[in-house]
Every structure is written in C-alpha cells, then in structure tokens.
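Participant:
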Amino acid sequence: MPQPDSNGPTPSYGAGQRVTVAVYASDPILRVGVVHQLRQRPEIELVDHADADRAQVSLVTVDSVDDETAALLYRLRHNSGTRTGLVVGTFASGDALQRAIECGVTAVLRRAEADQDRLLRLVLAIANGEGVLPGDLLAKLLDHVGSLQRSALDPRAVSLSTLTPREADMLRLVSEGMDTAEIARKTSYSERTVKNVLHEVITRLQLRNRTHAVGYALRNGLI
C-alpha cells in the first residue's frame with residue numbers, strides 16, 4: 146500500500162540517469178501544464194504517446210477518476226515496463242480512491258498541490274518503486290476498506306457491487322439487446338464512451354465478451 150506523502154528531500158533515481166515519462170490528461174490544457182513543468186527539469190525525459198511503451202513512469206492528470214480514467218489506468222497497468230502516478234483534482238468517494246489503487250496507481254498528488262518540485266518528487270518516487278499517498282487520502286482509503294470489510298461480515302448487508310451505476314445501466318441495456326449505437330442514444334454518451342465503459346468492465350472482471358459480462362452481472366444480482 147502507498148505510504149503517506151511527505152515534504153522530505155527529493156528521492157534520487159540515480160546519478161546521471163533521466164526518468165522517461167509519458168503524460169496523459171483528460172484535458173489538453175492539463176497536459177500542457179504538466180508537460181511544461183516537467184520539461185524544465187534535467188532529471189526528466191518526456192516521451193510522446195507513440196513511444197509510451199518505453200516510459201518508466203506514466204503520469205495521468207485528471208479532474209476525477211471516472212470510468213474512462215479507470216479504463217486508461219487499467220490499460221497502463223498491463224505495461225510491465227511502466228509505473229503509474231495520478232495527479233487528480235478530487236476523489237468523489239473512497240470507492241474511487243480504491244478503484245485507482247486497484248488499477249495500478251502507486252502514487253497520488255492533488256492537482257492543487259502539483260507545483261514543479263512536487264511533480265518531480267512524485268515522478269522520482271514512482272521510478273524508485275515507492276508509493277506516495279497524502280496522509281488524509283491514506284486514512285480515507287483505510288476507512289473505506291474497513292467499511293467494506295464490516296459490510297461483508299454483516300449477513301444483512303447488501304452484496305458488494307463490482308459495477309458503477311453507469312456500468313450497470315449499460316450492461317442492463319446490453320441485456321435488452323441494444324447495440325453500441327442504441328446504448329449511446331439512450332444514455333446520451335458517445336459510442337466511444339460506451340465501448341470504453343463496456344471494455345473496461347469485461348477486462349476488469351476477466352470476462353470474455355459482452356454476453357459473458359451480462360451473464361456474470363445477472364448471476365451476481367448486479368443488474
């Protein structure tokens with residue numbers, strides 16, 4: 146589990162070594178801001194997405210962890226050559242924080258605190274294999290996990306859902322025979338978003354396809 150953040154000295158990655166970093170962002174303006182700050186540091190080598198496979202650190206900058214962000218984090222998790230850090234505006238819930246950790250995030254920094262020095266410390270800590278999590282977020286995560294454990298021990302508790310409301314809604318529409326275009330019109334999301342959400346569910350739960358996902362959800366009372 147990530148350790149509480151600190152304002153101690155910047156971790157050392159290695160004399161003369163530069164850390165290769167790929168920056169992802171939900172908004173081009175967010176990406177430009179992070180890239181501008183890191184580009185000024187001699188310890189960092191920024192790589193384009195076309196060369197992202199050789200990045201030692203993947204830095205994802207978002208407002209919050211939604212389904213599309215989770216899908217990106219999960220894809221990055223399967224690249225064994227990179228470690229992932231998250232610069233985030235806010236976590237809407239303990240569940241969102243846990244989801245980010247489960248998707249392979251090893252270090253978190255709030256966007257409001259993401260000045261050049263903190264970004265550098267975050268990147269170097271990730272490259273060194275360290276976990277970084279602000280103390281209050283660590284407490285939030287522990288409280289959330291404890292709550293889930295208590296619910297699991299309560300025979301009267303509702304079964305823990307492994308789907309977000311949006312994921313459940315889309316699987317329910319799949320079960321009704323709708324295709325991607327029909328689901329997009331029904332939910333007012335783009336077809337790309339529908340595909341990403343359903344793909345993330347299938348991948349996260351290690352299922353074969355949409356039909357398998359619907360069957361899984363029905364058997365476990367999730368839709």
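Take the sequence shown: its letters are residues 146 to 368, numbered as in our numbering.
All C-beta atoms, glycine included, are put in the ideal place defined by N, C-alpha and C.
Going straight from the alpha carbon of V168 to that of R199, what length do you get?
Facilitator: One C-alpha to the other measures close to 13 Å.
Participant: At a cut of 8 Å, does the region 212 to 222 reach the region 181 to 194 through at least three beta carbon pairs?
Facilitator: Counting Cβ pairs under 8 Å, fewer than three are found: no touch.
Participant: On the premise that A195 lies in contact with V232, defined as a C-beta separation below 8 Å, what is that separation, rounded to the nearest angstrom?
Facilitator: Not quite, the Cβ-Cβ distance comes to about 22 Å (not below 8 Å), so this is no contact.
Participant: Looking at V268 and L367, is the spacing between their C-beta atoms short of 9 Å?
Facilitator: Contact flag unset, no.
Participant: To the nearest angstrom, how far is the alpha carbon of A270 from that of R330?
Facilitator: Those two C-alpha atoms are separated by around 44 Å.
Participant: Given this structure, state the Cα-to-Cα distance separating R244 from A215, to the nearest angstrom.
Facilitator: So the two alpha carbons sit approximately 7 Å from each other.
Participant: Take the Cβ of R364 as the centre, count every other Cβ of all protein chains shown within 10 Å, and call the residue buried at 16 or more, exposed below.
Facilitator: Per the 10 Å Cβ criterion, exposed.
Participant: Since I believe A362 is in contact with L316 (beta carbons under 8 Å), could you give me their beta-carbon distance rounded to a whole number of angstroms?
Facilitator: Contact flag correct, Cβ pair sits at about 5 Å.
Participant: I189 lies in the beta strand (DSSP E); which residues open and close that run?
Facilitator: Counting along the chain, the beta strand (DSSP E) containing I189 begins and ends at I189 to L191.
Participant: What do you get for I174, buried or exposed, if any count of 16 or more other CB atoms within 10 angstroms of its CB means buried?
Facilitator: By the 10 Å Cβ count, I174 comes out exposed.
Participant: Can you give the Cα-Cα distance for E247 and T229, rounded to whole angstroms?
Facilitator: Each residue's Cα considered, the two are about 12 Å apart.
Participant: Taking V202 as the reference, give the member of A257, D324, E321 and V253 with the closest Cα.
Facilitator: The residue with the shortest Cα to Cα distance from V202 is V253.
Participant: What span of residues does the beta strand (DSSP E) with T251 cover, start to end?
Facilitator: It spans V250 to R255 - the beta strand (DSSP E) in which T251 sits, taken as one unbroken run.
Participant: Using the Cβ count rule (16 or more neighbours within 10 Å means buried), how would you classify D193?
Facilitator: Result: exposed.
Participant: The beta strand (DSSP E) that contains V210, what's its start and end?
Facilitator: Neither: V210 is in no beta strand (DSSP E) and is coded neither H nor E.
Participant: Roughly how many angstroms separate the alpha carbons of S320 and V359, rounded to a whole number?
Facilitator: Whole-angstrom Cα-Cα distance: 6 Å.
Participant: Measure the C-alpha to C-alpha separation of T332 and T338 and round it to an integer number of angstroms.
Facilitator: Roughly 10 Å separates the two Cα atoms.
Participant: Return helix, strand or coil for L352, following the three-state DSSP convention.
Facilitator: Correct three-state label for L352: coil.
Participant: Is G178 helix, strand or coil when you go by DSSP?
Facilitator: In this structure, G178 counts as helix in the three-state DSSP scheme.
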